[in-house]
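Colleague: Please see the structure below; I have some questions.
Residue numbers (this note's numbering): 8 to 67.
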């Protein structure tokens with residue numbers, strides 16, 4: 008059942024992205040000098056969205 012573990016890994020990664028996005032918003036409110044962190048989180052978000060899209064299209 009590799010599909011199940013992929014889903015669980017994806018859920019964990021999505022939670023990580025959510026928490027990182029909340030942290031990022033706090034950082035952005037406190038200072039505007041966090042462009043590297045923003046780029047990292049943005050890339051991670053895009054990676055997760057790509058995984059979601061590919062899993063969705065492979066199920067249909």
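Glycine is no exception: its CB is placed at the ideal position from the N, C-alpha and C atoms. Note that the structure is a prediction, hence the values are computed from the model and not measured.
1. Taking all protein chains shown into account, decide if residue 5 is buried (16 or more other Cβ within 10 angstroms of its Cβ) or exposed.
2. In terms of residues, what are the limits of the alpha helix (DSSP H) holding residue 65?
3. Thinking C-beta only, is residue 51 closer than 9 Å to residue 15?
4. Comparing C-alpha positions only, which one of 65, 64, 49 sits nearest to residue 21?
Modeller: Straight from the coordinates:
1. The requested residue 5 does not occur in the structure, where the chain is confined to residues 8 to 67.
2. 42 to 66
3. no
4. 49
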